[in-house]
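By this note's numbering, the letter at position 312 of the sequence shown is numbered 333, and the numbering carries on one by one without gaps.
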Amino acid sequence: MTKLHPVVERVTDRIIDRSKDGRRRYLDLMDREAERFPGRGALSCSNLAHGFAASEGDKPAIASGRGANLAIVTAYNDMLSAHQPYARYPDAMKLYAREVGATAQVAGGVPAMCDGVTQGQDGMELSLFSRDTIALSAAIAMSHAMFDGMALLGICDKIVPGLVIGALRFGHLPAIFVPSGPMPSGLANREKQKVRQLYAEGKATRADLLASESASYHSAGTCTFYGTANSNQMMMEMMGLHVPGASFIPPGTPLRSALTREAVQRLTRIGRGSDDYRPMGRVVDEKAIVNAVVGLLATGGSTNHAIHLPAMARAAGIRLDWQDIDELSAAVPLIARVYPNGAGDVNHFHAAGGMGFVVRELLDAGLAHADVLTVAEGGMAAYAQEPHLDGDALVWRPAPMQSGDDAMLRPVEGAFLPDGGMRLVKGNLGRATFKTSAVDAARWTIEAPCRVFETQEAVQAAFKAGELERDVIVVVRFQGPRANGMPELHKLTPPLGVLQDRGFKVALVTDGRMSGASGKVPAAIHVTPEALGGGALARLRDGDVIRLCGHDGTLEVKADLAGRVAAQAPREDMGMGRELFAMLRRHADGAEQGGSAMLAEAGL
């Protein structure tokens with residue numbers, strides 16, 4: 022076995038030591054839950070009768086306790102392209118369960134909002150907290166104590182982290198995530214980006230823009246750029262929560278159906294009472310979390326996971342912070358370039374070798390833990406294979422030894438960059454994330470006077486008025502979890518990109534989010550402490566000189582802020598349901614901890 026890289030070993034050991042008490046409490050709770058709820062046979066007759074009253078032909082099996090009964094927790098809706106294929110999954114999954122003497126029930130649905138629809142809209146302020154709402158909904162689904170395993174149907178941005186958090190509180194049961202796969206490739210990503218920028222400059226019409234976007238996002242399946250949704254799929258492989266190779270198989274294909282069938286039937290083989298018990302709470306351990314971080318860095322995944330990974334880890338009693346991610350980033354090379362960090366999309370990535378290639382390269386270089394418990398036999402080595410059909414049989418073969426496209430996917434020894442490009446920057450303005458892998462290295466250091474804003478719309482207005490035609494660091498504050506729910510600020514990407522293309526030195530500093538589609542402009546995002554509640558951003562003024570440097574990890578202002586009075590936070594807006602999330606805003610903790618009121622108030 023390849024020796025583990027010393028940085029990966031050191032960071033893992035530190036996380037294990039830091040998490041010792043929390044992890045022990047979590048595992049003790051899972052052991053107690055397994056004893057208290059050994060299965061549906063522990064329910065009273067009245068409880069059990071309610072639980073299978075509508076199960077038709079499955080009633081006898083559920084009533085007798087014969088065979089496993091699996092919970093299907095689904096994020097289905099037919100407004101989201103990624104989740105639309107899930108409509109027919111439950112019926113198929115029940116058939117797959119019956120083939121092996123088991124049963125399955127839809128335990129509950131969870132909400133699934135689309136950041137692509139809500140970008141720049143009021144609804145985006147519900148986005149981050151939809152993750153916690155999903156976790157709560159998953160817990161409600163599982164609270165009936167009817168089940169022996171969890172089949173989790175979810176893909177997109179906050180949906181997978183929310184399902185992970187909720188399911189981990191039932192971690193005495195096995196769990197497998199069941200994806201639906203990406204839509205076919207549409208309009209080339211560079212063409213789409215070009216039209217967006219032309220529209221920002223007033224050189225393309227709204228009809229041109231809509232035609233371009235419709236040619237890109239055009240059918241059922243996950244959006245094909247490598248943002249948070251597809252980063253989720255990568256991480257579920259790296260954490261051992263997928264059937265190996267399941268991430269990027271297209272929907273509606275025989276191979277996709279075979280992988281779903283295997284997920285259902287595998288759950289029946291790894292539950293309590295089997296000789297191969299693999300509870301989710303043991304699968305998601307410190308090594309699995311490190312593997313997820315390593316995969317994120319190696320593939321240039323979404324910065325949203327700088328928030329979601331600490332939150333998911335907390336649900337399993339594990340403490341992960343941005344220093345851990347930063348140190349791993351320095352050791353893990355970038356071996357994939359997928360749009361927006363490259364020209365091709367996830368379909369091209371998969372065709373070039375995909376996750377099997379990535380996992381094998383990381384294992385061979387000692388950058389990922391091989392000795393982990395996964396839902397598949399064989400630890401992480403099982404994920405260095407790719408699935409295919411031999412007739413009707415699902416089989417796996419080794420991932421290709423060579424990349425099918427070295428403009429998109431490379432071996433560790435020929436990596437695009439020597440590091441993973443997700444840096445911690447810190448200084449007297451706080452701590453923040455800087456995704457250097459998305460930015461030309463010549464732009465990693467920006468020092469310029471700042472211009473301070475409190476909304477995306479104000480930035481756009483200043484851009485249109487020609488007020489930003491200079492070297493400038495744009496500060497957008499009061500965008501953190503406590504202020505307005507930490508919306509993604511994608512309206513900023515086109516105008517800042519235009520300014521950069523005009524030759525100006527431009528950067529963004531914000532306590533808000535930008536995600537995996539953040540573009541080519543240097544940005545210090547997720548600044549914590551946020552402006553609301555004492556963060557230094559609240560004391561900045563127009564003209565203060567800020568230095569952002571991805572080389573030495575600096576985020577600082579040259580001015581003395583000590584004697585200044587903090588700016589007043591904008592009034593909280595109502596409408597679009599935002600007022601219903603006031604409690605979550607009030608009690609949310611910092612971005613580095615995951616920005617969660619739910620976890621903070623639960624003492625996790």
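The beta-carbon is built from N, C-alpha and C at its ideal position, and this holds for glycine as well.
Setting aside the 5 residues that flank it on each side, residue 208 is surrounded in the same chain by 233, 236, 237, each with a C-beta closer than 7 Å to its C-beta; the list follows chain order. Per the C-alpha coordinates, the member of 570, 37, 60 positioned closest to residue 168 is 60. Annotation: the continuous beta strand (DSSP E) that includes residue 406 extends over 406-411. Proximity to residue 588 across 336, 551, 461, 402 peaks at 551, based on C-alpha coordinates. In this structure, residue 173 lies near residue 94, with their beta-carbon atoms less than 8 Å apart. Here residue 202 has 242, 243, 269, 270, 271, 272, 277 as same chain residues with Cβ atoms under 7 Å from its own Cβ, once five neighbours each way along the sequence are excluded. Within 10 angstroms of the beta-carbon of residue 340 lie 16 or more other beta-carbons, which makes it buried. Exposed is the label assigned to residue 423, since fewer than 16 other Cβ atoms lie within 10 Å of its Cβ.
Taken in chain order, the complete alpha helix (DSSP H) segments of 4 residues or longer contained in the region 444-513 are 477-485, 502-505. Nearest to residue 438 by C-alpha distance, out of 307, 319, 407, 46, is 319.
Residue 90 is bridged by DSSP to 124. Shortest Cα-Cα distance from residue 348 to any of 293, 419, 446, 369 involves 446. Beta bridge pairing from DSSP links residue 568 with 468, 577. Linking residue 198 to residue 366 through their CA atoms gives a straight-line distance of about 22 Å. Taking C-beta separations shorter than 8 Å and ignoring five residues to either side along the sequence, the partners of residue 308 in its chain run 33, 390, 392, 393, following chain order. Boundaries around residue 527 are those of the beta strand (DSSP E), 527-531, since no alpha helix (DSSP H) includes it. Rounded to the nearest whole angstrom, the C-alpha separation of residue 280 and residue 535 is 33 Å. Within its own chain, the residues whose Cβ lies closer than 7 Å to the Cβ of residue 504, once the five positions on either side in sequence are excluded, are 551, 552, 553, 590, listed in chain order. Close CB contacts of residue 562 within its chain, under the 7 Å cut and outside five residues either way in sequence, are with 473 (chain order).
Short of 7 Å from the beta carbon of residue 252, and not among the five residues preceding or following it, lie these beta carbons of its own chain, in chain order: 317, 322, 323, 326, 537. In this structure, the alpha-carbon of residue 458 lies about 13 Å from that of residue 570. With distances taken between CA atoms, residue 104 lies nearest to 175 out of 150, 175, 373. Scanning the region 341-418 for uninterrupted alpha helix (DSSP H) segments of 4 residues or longer gives 343-352, 367-373, 375-385, listed from N- to C-terminal end. Setting aside the 5 residues that flank it on each side, residue 190 is surrounded in the same chain by 160, 336, each with a C-beta closer than 7 Å to its C-beta; the list follows chain order.
Sixteen is the threshold: when 16 or more other Cβ atoms of the shown chains lie within 10 Å of the Cβ of residue 516, as they do, the residue is buried. Put simply, the region 593-612 does not touch the region 461-480. Fewer than three CB pairs are less than 8 Å apart.
Distance from the CA atom of residue 330 to the CA atom of residue 419, rounded to whole angstroms, is 29 Å.
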